[in-house]
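Colleague: Chains as they are written, first to last, in this note's numbering: chain A, 13 to 273; chain B, 1008 to 1267. Where is the CB? At the ideal position from N, CA and C, for every residue including glycine.
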């Protein structure tokens, strides 16, 4: 409503053609450019039993470079979703600083914000209004991407989990962000949908960064450039996917040493 | 540009939240909006009928409906608004995961929509009583507007403080419920401040709702004088919890959302 009154609406992501790079200009962007995330001495912990604290990360210094698609690995309960939320700014961390360059998305795959009584289209329009995007363009994009057909005008509560994931992914892909935070969403749905997600990442969102938490190894190989591993209160980045997956496998075998004090 | 954007962001987000709440709360059943008007109307009618059997005339004027409406409408306005605001973080919990929605947006949207709704209810009921019964009256519109804005400000202040306290100390919610149960009786809905014995007057004077009801009656009845009201007391009573609530919510709302 207000976006319409204001008259200046942002287009849906990926519809503005990128300017061709000037001849001779370096193709690689600087690692700290738009879409990068820098951790400076970041510590995040939860209170656990017996008055001790469970550390998710401790004094973490790291740079997620701009324009890279990074897979975030770690076994269940290690704090991947918490990491996503502290990067998006929804949750607080104990100390240090997270410097996000550019606009961060909300953790995608999060369909909890969709109202069960509102239709898919109404929910999409709400997200468009909140982010100042033209509501009709948003609905067009979502109906094209999610292939929900007539279901788009049905209440969200009637959706199956695959349909929910398709709507959630479609809505968030329409909003232009510099860095997309993807939480497990792409492992839902059939193969066709997963291929479509991978293709979207490589073409339309080529210039954006992404940090995605997933367990699907084949997907990591097809979608990501780097691997970050969260293990035992430490976050480490591996530029080579093969090396990262090796470390991840080794971590899975060794029992988690509790580091409480 | 980014400064301009952040100014444009707030009305845009608040507008989207208001549309969403309208579609999901009131729009669910066709009687949704109607019920918001009917509920206080029926309350006033029952009260007026009951008391008209007991006493010959209301404490001020000669119309029972008008007298109880001037008391019950501000009171229910306060109750509804402060309850809605104190629940706004829980109500918009999921939406606060969007980085572009802040807790201020969530609270502001709830306050604006429900204040507008309550104003409409007030206008319809008071207007209806005046049209149907045509009591002899000289209204002081600015006094009525003052009373309405004060009751909304008070509801906002208490609501902000409780929004933090209810989520952070669940026991406080129980205690608050018990402590405010007699509020309907001691807010001057059924009587006027002047008709009370002095011992009670000394105590009940500290109830800001009773003072605002007095202001409202001064605006509606030309023969009623509410010189006991202290505007600065009411404003102070609302501002202190409002500031405290804002301060603690700003510091702790992320903790409330994910770690409580």
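Can you name the residues of chain A whose CB is closer than 8 Å to the CB of residue 1262 of chain B?
Modeller: Numbered from 1 along the second chain, position 255 holds the residue referred to as residue 1262 of chain B. Per Cβ cutoff of 8 Å: 104.
Colleague: Which of the three DSSP states, helix, strand or coil, is assigned to residue 38 of chain A?
Modeller: As a working mapping, residue 38 of chain A is identified with position 26 in the first chain. Confidence is the limiting factor: at residue 38 of chain A the pLDDT is only 46, short of 50, which leaves the residue's position unreliable, though a coordinate-based value still follows. Three-state DSSP puts residue 38 of chain A in coil, outside helix and strand.
Colleague: Do residue 1171 of chain B and residue 1263 of chain B have their C-beta atoms closer together than 9 Å?
Modeller: Position 164 of the second chain, counted from the first residue, corresponds to residue 1171 of chain B. Position 256 of the second chain, counted from the first residue, corresponds to residue 1263 of chain B. Closer than 9 Å, so yes.
Colleague: Residues of chain A with CB under 7 Å from residue 1107 of chain B, in chain order?
Modeller: In the second chain, the residue the question calls residue 1107 of chain B occupies position 100. What residue 1107 of chain B touches in chain A: 142 and 143.
Colleague: What in chain A is Cβ-close to residue 1031 of chain B, meaning under 7 Å?
Modeller: Working through the second chain from its first residue, we reach residue 1031 of chain B at position 24. What residue 1031 of chain B touches in chain A: 127, 129 and 130.
Colleague: Would you list, in sequence order, the uninterrupted alpha helix (DSSP H) runs of no fewer than 4 residues that lie entirely inside the stretch 1192-1264 of chain B?
Modeller: Those alpha helix (DSSP H) runs which fall completely within the stretch 1192-1264 of chain B and span 4+ residues are 1205-1211 and 1215-1227.
Colleague: Just verifying my parser: in three-state terms, what is the DSSP assignment at residue 83 of chain A?
Modeller: One-based indexing of the first chain puts residue 83 of chain A at position 71. Three-state result, residue 83 of chain A: strand.
Colleague: Just checking: is the beta-carbon of residue 134 of chain A within a distance shorter than 9 Å of some beta-carbon in chain B?
Modeller: Translated into the one-based positions of the first chain, residue 134 of chain A becomes position 122. Chain B, which has a Cβ nearer than 9 Å to the Cβ of residue 134 of chain A, makes this yes.
Colleague: In this structure, what does DSSP give as the bridge partners for residue 195 of chain A?
Modeller: The residue labelled residue 195 of chain A in the question sits at position 183 within the first chain. The partner list for residue 195 of chain A (beta bridge, DSSP) reads A:225.
Colleague: When you compare only the Cα positions, how much space is there between residue 25 of chain A and residue 1105 of chain B?
Modeller: Taking the first residue of the first chain as 1, we reach residue 25 of chain A at position 13. Taking the first residue of the second chain as 1, we reach residue 1105 of chain B at position 98. Cα-Cα distance, rounded: 17 Å.
Colleague: Cβ atoms of residue 1203 of chain B and residue 1190 of chain B: under 9 Å apart, would you say?
Modeller: Translated into the one-based positions of the second chain, residue 1190 of chain B becomes position 183. Translated into the one-based positions of the second chain, residue 1203 of chain B becomes position 196. In this structure, residue 1203 of chain B does not lie closer than 9 Å to residue 1190 of chain B by Cβ.
Colleague: So which residues of chain B does residue 100 of chain A contact, with C-beta pairs closer than 7 Å?
Modeller: Residue mapping note: residue 100 of chain A aligns to position 88 of the first chain, counting from 1. Chain B residues near residue 100 of chain A: 1106.
Colleague: Enumerate in chain order the residues of its own chain whose CB-to-CB distance from residue 220 of chain A is below 7 Å, with the five nearest sequence positions on each side excluded.
Modeller: Sequence index remark: in the first chain, residue 220 of chain A carries index 208 (1-based). Result list for residue 220 of chain A: 47, 189, 190, 191 and 192, in chain order.
Colleague: Unbroken beta strand (DSSP E) runs of length 3 or more, entirely within the stretch 54-117 of chain A: which are they?
Modeller: List check, beta strand (DSSP E) in window: 65-76, 81-85 and 107-112.
Colleague: From residue 1175 of chain B to residue 1145 of chain B, what does the alpha carbon distance come to, in whole angstroms?
Modeller: Taking the first residue of the second chain as 1, we reach residue 1175 of chain B at position 168. Taking the first residue of the second chain as 1, we reach residue 1145 of chain B at position 138. Cα to Cα, the separation comes out at about 47 Å.
Colleague: Counting Cβ pairs, one atom from each stretch, are 3 or more of them under 8 Å apart for the stretch 97-116 of chain A and the stretch 1082-1096 of chain B?
Modeller: They do not touch, by the three-pair rule.
Colleague: According to the neighbour-count rule (16 or more other Cβ atoms, all chains shown, within 10 Å of its Cβ), is residue 979 of chain B buried or exposed?
Modeller: Only positions 1008 to 1267 of chain B appear in this structure, which leaves residue 979 of chain B out of reach.
Colleague: Got a sec? Which residues, its chain only, sit under 6 Å from residue 217 of chain A by beta carbon, not counting five neighbours each side?
Modeller: Here residue 217 of chain A refers to the residue found at position 205 when the first chain is read from its first residue. Cβ neighbours of residue 217 of chain A beyond the five flanking positions: none.
Colleague: Below 9 Å between beta carbons: does that hold for residue 66 of chain A and residue 106 of chain A?
Modeller: Residue mapping note: residue 66 of chain A aligns to position 54 of the first chain, counting from 1. Residue mapping note: residue 106 of chain A aligns to position 94 of the first chain, counting from 1. The answer is no: Cβ separation not under 9 Å.
Colleague: Out of B:1206, B:1207, B:1229 and B:1103, which has the shortest C-alpha to C-alpha gap to residue 1265 of chain B?
Modeller: Within the second chain, the letter at position 258 stands for residue 1265 of chain B. Ranking the options by Cα distance to residue 1265 of chain B, first place goes to B:1103.
Colleague: Residues in its own chain within less than 6 Å of residue 1272 of chain B by CB, not counting five upstream and five downstream?
Modeller: There is no way to answer for residue 1272 of chain B, as the model of chain B reaches only from 1008 to 1267.
Colleague: I want to verify the contact list: residues of chain B whose CB lies under 8 Å from the CB of residue 119 of chain A, in sequence order.
Modeller: Here residue 119 of chain A corresponds to residue number 107 of the first chain, with the count starting at 1. Within 8 Å Cβ-Cβ: 1104.
Colleague: Going by C-alpha to C-alpha distance, which of A:22, A:71 and A:79 sits closest to residue 49 of chain A?
Modeller: Within the first chain, numbered from 1, the residue matching residue 49 of chain A stands at position 37. The option with the nearest alpha carbon to residue 49 of chain A is A:79.
Colleague: Using a threshold of 9 Å, state whether the C-beta atoms of residue 1132 of chain B and residue 1047 of chain B are closer than that.
Modeller: Within the second chain, residue 1132 of chain B is the residue found at index 125, counting from 1. Within the second chain, residue 1047 of chain B is the residue found at index 40, counting from 1. Taking 9 Å as the Cβ cut-off, residue 1132 of chain B and residue 1047 of chain B qualify as a contacting pair.
Colleague: I'd like to know if residue 70 of chain A contacts chain B, where contact means its C-beta is closer than 9 Å to some C-beta of that chain.
Modeller: Here the question's residue 70 of chain A lines up with position 58 in the first chain. No, because no Cβ of chain B sits closer than 9 Å to the Cβ of residue 70 of chain A.
Colleague: Quick one, are the C-beta atoms of residue 1030 of chain B and residue 142 of chain A less than 9 Å apart?
Modeller: Position 23 of the second chain, counted from the start, is the residue given in the question as residue 1030 of chain B. Position 130 of the first chain, counted from the start, is the residue given in the question as residue 142 of chain A. Contact: no.
Colleague: State whether the stretch 128-140 of chain A contacts the stretch 157-168 of chain A, with contact taken as three or more CB pairs (one from each stretch) at a distance under 8 Å.
Modeller: The stretch 128-140 of chain A is in contact with the stretch 157-168 of chain A.
Colleague: Within 9 Å of any Cβ in chain A, is that where the Cβ of residue 1015 of chain B sits?
Modeller: As a working note, residue 1015 of chain B is residue 8 in the second chain. Yes - at least one Cβ of chain A is within 9 Å of the one on residue 1015 of chain B.
Colleague: Residue 116 of chain A touches chain B at which residues, Cβ-Cβ below 7 Å?
Modeller: To locate residue 116 of chain A, count along the first chain from 1; it is residue 104. The contacting residues are 1106.
Colleague: Is the separation between the beta-carbon of residue 73 of chain A and that of residue 52 of chain A shorter than 9 Å?
Modeller: Residue numbering aside, residue 73 of chain A sits at position 61 when the first chain is read from its first letter. Residue numbering aside, residue 52 of chain A sits at position 40 when the first chain is read from its first letter. Yes, they are a contact pair.
Colleague: Using three-state DSSP, classify residue 1153 of chain B as helix, strand or coil.
Modeller: Translated into positions along the second chain, residue 1153 of chain B becomes position 146. The answer is helix: DSSP assigns residue 1153 of chain B an H, G or I state.
Colleague: Within 9 Å of any Cβ in chain A, is that where the Cβ of residue 1265 of chain B sits?
Modeller: Stepping through the second chain from its first residue, residue 1265 of chain B is reached at position 258. Taking Cβ atoms only, chain A reaches closer than 9 Å to residue 1265 of chain B, which makes this a yes.
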